[in-house]
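Residue numbers (the working numbering), protein chains in the order written: chain L, 1 to 342; chain X, 1 to 342. The C-beta atom is built at its ideal place from N, Cα and C for all residues, glycine as well. As the structure is a computational prediction, the values presented were derived from the model and not from experiment. The next block holds one structure in the form of structure tokens; read it before the comments.
There are 2 protein chains.
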Amino acid sequence: MKVTIKDIAKAANVAKSTVSKVLNDSPHISIATKVRIREIMKQMNYIPSSLATGLARQKCHNISLIIDLTRRNDFLNFFFYNIIGGIESVVGPNNYELTISNVGREESRDYLTRYVLSQKADGIIIDNSILTKDSAEDLRNLGFPYVLIGEWSGPKMVPCVDINNRLGATRLTQHLLEQGYRNLAFIGGGENEPLFESRSAGVIDALLQEDVEGNPLRIYPDGNTEKAGYHMVSTILEHGEIPDALVCMNNFVAFGALKRLKEKGISVPQEIGVVTFDNEPLAPYTTPALTCLHMDTFGLGAGAAELLMSQIQEESQANQDKFLQQKWLMPELIVRESSTKR
Amino acid sequence: MKVTIKDIAKAANVAKSTVSKVLNDSPHISIATKVRIREIMKQMNYIPSSLATGLARQKCHNISLIIDLTRRNDFLNFFFYNIIGGIESVVGPNNYELTISNVGREESRDYLTRYVLSQKADGIIIDNSILTKDSAEDLRNLGFPYVLIGEWSGPKMVPCVDINNRLGATRLTQHLLEQGYRNLAFIGGGENEPLFESRSAGVIDALLQEDVEGNPLRIYPDGNTEKAGYHMVSTILEHGEIPDALVCMNNFVAFGALKRLKEKGISVPQEIGVVTFDNEPLAPYTTPALTCLHMDTFGLGAGAAELLMSQIQEESQANQDKFLQQKWLMPELIVRESSTKR
DNA sequence: TTGAAAGCGGTACCAA
DNA sequence: TTGGTACCGCTTTCAA
Numbered sequence: 001m002k003v004t005i006k007d008i009a010k011a012a013n014v015a016k017s018t019v020s021k022v023l024n025d026s027p028h029i030s031i032a033t034k035v036r037i038r039e040i041m042k043q044m045n046y047i048p049s050s051l052a053t054g055l056a057r058q059k060c061h062n063i064s065l066i067i068d069l070t071r072r073n074d075f076l077n078f079f080f081y082n083i084i085g086g087i088e089s090v091v092g093p094n095n096y097e098l099t100i101s102n103v104g105r106e107e108s109r110d111y112l113t114r115y116v117l118s119q120k121a122d123g124i125i126i127d128n129s130i131l132t133k134d135s136a137e138d139l140r141n142l143g144f145p146y147v148l149i150g151e152w153s154g155p156k157m158v159p160c161v162d163i164n165n166r167l168g169a170t171r172l173t174q175h176l177l178e179q180g181y182r183n184l185a186f187i188g189g190g191e192n193e194p195l196f197e198s199r200s201a202g203v204i205d206a207l208l209q210e211d212v213e214g215n216p217l218r219i220y221p222d223g224n225t226e227k228a229g230y231h232m233v234s235t236i237l238e239h240g241e242i243p244d245a246l247v248c249m250n251n252f253v254a255f256g257a258l259k260r261l262k263e264k265g266i267s268v269p270q271e272i273g274v275v276t277f278d279n280e281p282l283a284p285y286t287t288p289a290l291t292c293l294h295m296d297t298f299g300l301g302a303g304a305a306e307l308l309m310s311q312i313q314e315e316s317q318a319n320q321d322k323f324l325q326q327k328w329l330m331p332e333l334i335v336r337e338s339s340t341k342r
Numbered sequence: 001m002k003v004t005i006k007d008i009a010k011a012a013n014v015a016k017s018t019v020s021k022v023l024n025d026s027p028h029i030s031i032a033t034k035v036r037i038r039e040i041m042k043q044m045n046y047i048p049s050s051l052a053t054g055l056a057r058q059k060c061h062n063i064s065l066i067i068d069l070t071r072r073n074d075f076l077n078f079f080f081y082n083i084i085g086g087i088e089s090v091v092g093p094n095n096y097e098l099t100i101s102n103v104g105r106e107e108s109r110d111y112l113t114r115y116v117l118s119q120k121a122d123g124i125i126i127d128n129s130i131l132t133k134d135s136a137e138d139l140r141n142l143g144f145p146y147v148l149i150g151e152w153s154g155p156k157m158v159p160c161v162d163i164n165n166r167l168g169a170t171r172l173t174q175h176l177l178e179q180g181y182r183n184l185a186f187i188g189g190g191e192n193e194p195l196f197e198s199r200s201a202g203v204i205d206a207l208l209q210e211d212v213e214g215n216p217l218r219i220y221p222d223g224n225t226e227k228a229g230y231h232m233v234s235t236i237l238e239h240g241e242i243p244d245a246l247v248c249m250n251n252f253v254a255f256g257a258l259k260r261l262k263e264k265g266i267s268v269p270q271e272i273g274v275v276t277f278d279n280e281p282l283a284p285y286t287t288p289a290l291t292c293l294h295m296d297t298f299g300l301g302a303g304a305a306e307l308l309m310s311q312i313q314e315e316s317q318a319n320q321d322k323f324l325q326q327k328w329l330m331p332e333l334i335v336r337e338s339s340t341k342r
């Protein structure tokens with residue numbers, strides 16, 4: 001049924017190997033035959049089988065994004081389309097396919113080695129929520145190209161791409177300080193949540209830099225939901241000193257906070273300024289609209305893919321040093337009403 | 001380097017074919033040898049190459065989602081994570097991989113036949129924005145399994161899955177009528193936009209059913225952005241009879257509408273009721289919160305995948321009739337303040 | 001510049 | 001119940 005290289009060879013009265021060379025535009029084939037055979041290919045509607053090519057070349061021209069799809073409401077959720085778009089924008093033009101693989105952190109180690117050994121991909125991009133130290137070690141031992149999305153806190157270096165949350169947080173905080181806010185509180189997140197750690201650290205960096213004395217940052221880690229935001233503001237207003245600005249872990253926390261502040265008749269941004277991370281999904285649509293950090297999630301995907309492609313291409317050249325690249329994308333500050341007093 | 005079936009055969013002192021049979025759990029192999037060979041496989045860390053298996057079996061155990069990733073802000077954008085999750089939830093357990101392919105409508109025809117012929121997938125799920133009549137015909141002629149996501153308006157039947165937007169719109173309208181609204185206006189969308197056509201048709205269905213006479217639906221197709229929503233409301237308020245309820249094409253149109261109504265001091269839901277499609281990304285977070293239709297996008301992906309898997313599995317059985325299944329998912333009404341007078 | 005043949009790592013049929 | 005062997009469709013030496 002399907003037209004194969006053999007059919008073309010027969011039709012052109014040449015050997016299979018000649019056809020193969022035409023396929024790969026070998027310099028050892030005369031232009032005349034190239035033209036002739038290509039014509040025949042077109043007429044017979046011939047397309048080489050990627051399966052056969054893959055087996056012969058021992059690579060499948062496919063890269064895989066490995067994530068845990070069961071984690072609903074995660075960071076990935078909102079930015080998935082952008083991240084995928086970013087990855088595709090670099091692997092596509094390189095003639096690589098992109099496959100999505102779903103696996104939980106627990107099963108990931110076994111899954112990864114099986115995946116690699118089964119030759120389902122030439123390289124993988126993996127979310128940091130599911131890469132363990134063991135699997136990172138496995139991948140390294142197998143010499144398999146991979147890139148991590150998100151921070152990595154293991155002992156060994158790992159090629160990874162992430163938004164620079166810490167510097168972003170610093171930038172966001174500087175903005176608050178420029179606006180005259182002095183008494184900051186950080187709400188949302190949870191202890192041991194890497195995103196929380198780096199963002200709160202960034203806020204502290206800014207306070208130290210600007211030498212804002214006597215007003216240490218107060219931190220309220222209580223989850224990343226609207227409810228949590230609402231609740232944290234309640235707590236803050238009831239006990240102790242009231243801050244004049246809130247840095248919120250995400251849009252939902254910020255939304256909950258705004259809601260509670262409104263109920264209490266506290267004006268934003270006059271009495272309390274509010275800022276948050278991420279521009280999606282709500283920041284432009286709250287009242288007042290939220291000042292935030294825009295994360296370049298398309299760039300995140302594209303950056304990861306670039307790192308991976310370069311690994312794959314350098315692979316032959318035993319250029320191991322290049323494998324350890326890391327990229328940090330700087331978020332962009334978007335100023336809106338929620339933090340501008342005038 | 002890599003362990004192959006040959007290595008296992010050698011180590012076990014049996015023929016390749018025997019190992020292959022163990023791999024496929026053939027009933028013609030004694031339990032004793034199965035156990036023995038499996039043990040050896042484990043010890044040698046053997047995983048079969050999917051490339052080789054694929055070539056031998058002439059199928060790659062991969063299904064592909066084909067979309068146009070350059071269409072930012074599209075319906076897919078917000079629901080991508082859910083749709084992918086839905087697809088994966090059915091292909092994953094069947095041991096199929098999921099790949100994402102990006103292509104524009106213009107190049108799609110060529111792309112598709114190349115894709116199919118190159119054996120990169122055993123079946124595809126394709127977005128209706130890029131399937132043309134020609135490509136549908138091609139796929140059918142090739143006898144290649146595929147499922148469309150979204151409505152299909154071509155002459156021939158095509159296996160597809162979609163949210164039942166028309167019935168959903170009817171349900172949404174019935175809710176408005178139950179609340180006592182009588183004078184409806186439909187805002188957003190654009191002529192020839194299938195989603196617009198089916199949704200507005202659904203509203204009209206409801207009006208006819210309930211015999212709401214003398215107040216035909218007024219329709220304002222002016223795009224699907226916040227700005228458009230804002231603008232349409234301005235226009236409506238300035239000219240002619242003022243409706244008592246607005247059905248909005250999406251969350252952004254509704255947001256723009258709410259904004260304008262608020263500026264004009266028109267109360268929602270007392271003076272004008274507002275409802276919209278989709279629960280994402282804003283509906284729960286506007287003031288007042290929006291009554292809407294929740295679309296089961298996870299189910300959309302899962303449904304498409306199920307249809308496709310059944311096609312792939314029935315393929316051998318020449319059971320062509322089953323290929324023409326269609327699925328319509330019923331959206332769920334979520335009632336919120338924007339349309340409840342009491 | 002072209003051809004022949006041995007892989008790549010499995011599957012599947014037929015014989016033993 | 002096992003083994004031998006001819007594929008699957010393309011690549012890649014090595015000869016001609």
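Less than 8 Å between the C-beta atoms of residue i and residue j, yes or no?
i	j	result
X/MET309	X/PRO331	no
X/VAL275	X/LEU176	yes
L/PRO243	L/LEU184	yes
X/GLU226	X/PHE255	yes
X/ILE124	X/SER50	no
L/VAL161	L/LEU258	no
L/THR33	L/THR18	yes
L/ASP278	L/ASN251	yes
X/THR287	L/THR287	yes
X/ASP68	X/MET44	no
X/LEU98	L/THR99	yes
L/PRO155	L/GLN311	no
X/LEU293	X/GLY168	yes
X/ALA11	X/ILE40	yes
L/LEU261	X/LEU282	no
L/ALA206	L/THR170	yes
L/GLN325	L/PRO216	no
X/ILE66	X/ILE126	yes
Thinking residue i and residue j are a contact (beta carbons under 8 Å), I'd like their distance in whole angstroms, please.
i	j	result
L/GLY188	L/GLY223	7 Å
X/VAL345	X/ALA305	As displayed, chain X neither begins before 1 nor continues past 342, which places residue 345 of chain X out of reach and without an answer.
L/ILE219	L/SER200	6 Å
L/THR291	L/ILE334	7 Å
L/PHE196	L/MET232	Actually they do not touch by this definition, with Cβ atoms about 13 Å apart.
X/ALA9	X/LYS16	5 Å
L/PHE186	L/VAL247	5 Å
X/SER108	X/THR132	6 Å
X/GLY190	X/ASN165	In fact, because the Cβ distance is near 15 Å, the residues do not count as touching under 8 Å.
Legend entry - the region 81-98 of chain X / the region 20-35 of chain X touching (three or more Cβ pairs under 8 Å): no
Count the CB pairs spanning the region 117-124 of chain X and the region 49-60 of chain X that are closer than 8 Å, and state whether there are at least three.
yes
For this session: Using a Cβ-Cβ cut-off of less than 8 Å, give me the residues of the region 118-135 of chain X that come near chain L, in sequence order.
Result: SER118, GLN119 and LYS120
Residues of the region 43-61 of chain L in Cβ contact with chain X at a cutoff of 7 Å, in chain order, please. ILE47, PRO48, SER49, SER50, LEU51, ALA52, GLY54, LEU55 and CYS60
_4 or more residues per run - each alpha helix (DSSP H) lying fully within the region 96-170 of chain X_ = 108-117 and 133-142
Query raised in the report: Relative to chain X, which residues along the region 263-282 of chain L have a C-beta separation below 8 Å, given in chain order?
Result: GLU280, PRO281 and LEU282
Counting only runs that start and end within the region 192-278 of chain L, where is the alpha helix (DSSP H) found for 4 or more residues in a row?
If only uninterrupted alpha helix (DSSP H) runs of at least 4 residues are considered, those enclosed by the region 192-278 of chain L are 194-209, 226-238 and 251-263.
| query | Is there contact here, the region 270-289 of chain L with the region 42-56 of chain L, by at least three beta-carbon pairs under 8 Å? | reply | Contact fails between the region 270-289 of chain L and the region 42-56 of chain L, because fewer than three Cβ pairs, one in each stretch, are under 8 Å apart.
Report task. Determine which residues of the region 94-116 of chain L have a Cβ less than 8 Å from any Cβ of chain X, and write them out in chain order. Result -> Answer set for the region 94-116 of chain L: GLU97, LEU98, THR99, ILE100, SER101, ASN102, THR113 and ARG114.
*Decide if the region 88-107 of chain X is in contact with the region 135-142 of chain L; the criterion is three or more beta carbon pairs, one per stretch, under 8 Å apart.*
no
Any residues in the region 249-260 of chain X with a beta carbon nearer than 7 Å to a beta carbon of chain L? Which ones, in chain order? PHE255
Which whole runs of the alpha helix (DSSP H) in the region 64-94 of chain L are 4 residues long or more, in chain order?
75-91
Unbroken beta strand (DSSP E) runs of length 3 or more, entirely within the region 21-72 of chain X: which are they?
62-67
Taking beta-carbon pairs under 9 Å, can you tell me which members of the region 211-234 of chain X lie near chain L? GLU226
Counting only Cβ-Cβ distances shorter than 8 Å, please list the residues of the region 165-178 of chain L near chain X, keeping chain order.
none
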